[in-house]
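Chemist: If you number the sequence shown the way our numbering does, the last residue is 115 and the count never jumps. All residues carry an ideal CB built from backbone N, CA and C; glycine is no exception. I'd like to ask some things about the structure below.
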Amino acid sequence: MEAKKGDWVQIQKTLLKPEERTASLPNDTKKVPLEMRVKGFLINETAKLGEEVEIETLIGRRIKGKLVAINPKYEHDFGEPVPELITIGIELRKILEGDNNA
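This is the structure we're talking about:
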């Protein structure tokens, strides 16, 4: 897949190599590089996944990095629902309204 200038993309950039990270980190954290992912508009005329590109973020910062996604999705969530928390708002409202059976 190829991105064109102005496309919404995501890049990845290594900020610190493992040997550059502070000694006070846990061992499993020290073993991996510190990386960032940033979304923005592609500055290059065209680019393919894996190529080094430059983007401009929504606040106008220009950042170079490896192209990892074109039109990236939002993939985060808040995990599985906690059954006890689903009805807590209803129960609290009853308590605050003075319902002694809550």
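(1) Report buried or exposed for Leu-55, applying the criterion of at least 16 other Cβ atoms within 10 angstroms of its Cβ.
(2) By the three-class DSSP mapping on this structure, what secondary structure does Thr-42 have?
(3) Between which two residues does the alpha helix (DSSP H) carrying Ile-103 extend?
(4) Return the first residue and the last residue of the beta strand (DSSP E) that Thr-27 is part of.
(5) Between the Cα of Glu-64 and those of Ile-24, Asp-20, Gly-73, spot the shortest distance and give me the residue it belongs to.
(6) Provide the residue(s) that pair with Ile-76 in DSSP beta bridges, ordered along the chain.
(7) If we call anything under 8 Å between Cβ atoms a contact, is Asn-57 one with Val-51?
(8) For Lys-18, which option in Leu-29, Ser-37, Thr-35, Ile-68 has the closest C-alpha, if you only look at C-alpha atoms?
(9) Note down, in chain order, each residue of its chain lying with its Cβ closer than 8 Å to the Cβ of Lys-61, except the 5 sequence neighbours on either side.
Modeler: The relevant details are as follows:
(1) In the sequence shown, counting from the first residue as 1, residue 55 sits at position 42. So Leu-55 ends up on the buried side.
(2) Residue mapping note: residue 42 aligns to position 29 of the sequence shown, counting from 1. Helix.
(3) As a first step, residue 103 must be located in the sequence shown, where it is residue number 90. Its alpha helix (DSSP H) spans residues 101-109.
(4) Indexing the sequence shown from 1 puts residue 27 at position 14. Where Thr-27 is concerned, the enclosing beta strand (DSSP E) stretches over 21-29.
(5) On the sequence shown, residue 64 is found 51 positions in, with the first residue counted as 1. Nearest of Ile-24, Asp-20, Gly-73 to Glu-64, Cα basis: Ile-24.
(6) For this step, residue 76 is matched to residue 63 along the sequence shown. According to DSSP, Ile-76 bridges with Ile-68.
(7) Stepping through the sequence shown from its first residue, residue 57 is reached at position 44. Stepping through the sequence shown from its first residue, residue 51 is reached at position 38. Cβ distance not < 8 Å, so Asn-57 and Val-51 don't count as in contact.
(8) Walking along the sequence shown from the start, residue 18 turns up at place 5. Closest by alpha carbon: Ile-68.
(9) As a first step, residue 61 must be located in the sequence shown, where it is residue number 48. The residues are Met-14, Glu-15, Ala-16, Leu-80.
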